[in-house]
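Contents: one structure, followed by commentary.
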Amino acid sequence: MLESLALDSLLILILLLLVPIGFYRGGLREVCSAAGVLLGLLVAQQWSPRWGSWVAGVTGIDEGISRFMVAMATLVLFAALIGYGAASAFTSSPSPGGRLYGGLVALASGFLFLGALIQFVASYLYDGVYPDMIRRGFVSRALSVGFDWVLLAVSVTVLVSIVLGMIVRERETDEILIEIPRDATSATRRPAPVPARAPEPVNLDPARAEASDVDPMAGTAVVKIREVRHWEEATPPTMRDLQSGWSRTWPGSVSADTATPAPRPGGVPRRARPASPDRPRAQSSEEDVIRDWLADDRSTNARRTHPNRPKDDT
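Using the working numbering, the first residue of the sequence shown is number 128, and each one after it goes up by one.
Now the structure itself:
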């Protein structure tokens, strides 16, 4: 009884270990592994008697033991090389549904592999009779005496899982996402255009180049702003104010010998005033010009206010 419990515990442990492996590898790879197990089982049933007899004749061991060894080697080689070798050709990562399907297929292929193993033990080692250790166990008896029902249950389970997978099919990520045109995505991700900077002008004048190096704020002075009061009368300008104002616009190199400008149309011609010998010559030119301008303005204003009346002939 203890031997049967130990055998059942070992079989259950193997089946439980196959489920996380199938969950990790996915349904597509586990289908390839199950196909390798089925192919190895068929080849072992057909060729193990012939190859076992040949090995027994060459080595001299018991024919049943040699057939069991050939059948087990054939099943393991086909399951490992063909099943797992073909599964390694697929590099796609399984989805959650594919992982669940992989765990289910791995459990089914585990039942198939262990049932075939027990069948080989009973057929080649005990001449087709199941030992008491197998018949007294629950899992071992189901995989040996009721192996036909195990095959039927595995087939139905795989078919139901395939139908459910066809109904509840996982869609790809590209099909779920809304198709966005590339122009829109590129327009949203495109950075704002930076305006091109105007090229700096090339200064060929060395004097300007030297002047540009000087700080423009170096020669500035404090600006005083005088408050304008419109209700007050403006202070009449003095001669000093007039001289300082006109000296900014009138060239200082003008002398008294400058030719007299042409008279204004309709005005009185200017009269030349003799230069005063008492005043310095440096100041006579500017003062004479200002006096001439003031006298011209006065005569023009007087002529406008008191026009010449025609004389009576009588």
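Virtual Cβ for every residue (Gly too), placed ideally from N, Cα, C.
Residue i (DSSP reduced to helix, strand or coil)
| i | result |
| --- | --- |
| G242 | helix |
| I305 | Confidence is the limiting factor: at I305 the pLDDT is only 48, short of 50, which leaves the residue's position unreliable, though a coordinate-based value still follows. Correct three-state label for I305: coil. |
| G468 | Since the first residue of the chain shown is 128 and the last is 441, residue 468 is not available in this structure. |
| D424 | helix |
| V446 | Because the chain is modelled from 128 through 441, residue 446 falls outside the range shown and cannot be assessed. |
| A216 | coil |
| G264 | coil |
| S288 | helix |
| V283 | helix |
| L138 | helix |
| S382 | Its pLDDT being 48, under 50, S382 is placed unreliably in this model, and the value from its coordinates should be taken loosely. The answer is coil: DSSP assigns S382 none of H, G, I, E or B. |
| P223 | helix |
| T186 | helix |
| G191 | helix |
| V253 | Note that residue 253 corresponds to Tyr in the displayed sequence, not to Val. In the structure shown, Y253 sits in coil (DSSP, three-state: anything other than H, G, I, E or B). |
Nearest-angstrom beta carbon gap, residue j and residue i [assumed within contact, 8 Å]
| i | j | result |
| --- | --- | --- |
| G163 | A206 | 5 Å |
| F442 | G229 | Because the chain spans 128 through 441 in this model, residue 442 falls outside it and cannot be assessed. |
| S131 | G264 | 4 Å |
| A198 | D189 | Not a contact, Cβ separation roughly 14 Å. |
| I245 | S271 | 4 Å |
| Y251 | G191 | 5 Å |
| G153 | G225 | 5 Å |
| P176 | R194 | 6 Å |
Interface flag, residue i vs chain D, CB-CB below 7 Å
| i | result |
| --- | --- |
| L129 | The structure shown has no chain D; it contains just one protein chain. |
Proximity of residue i and residue j at Cβ, strictly below 7 Å
| i | j | result |
| --- | --- | --- |
| S288 | A214 | no |
| V158 | V232 | yes |
| D135 | V266 | yes |
| V248 | T201 | no |
| A235 | V285 | yes |
Near the ligand GDP: residue i beta-carbon under 6 Å from a heavy atom
| i | result |
| --- | --- |
| V277 | The ligand content of the structure shown is nil, which means the ligand GDP is not present either. |
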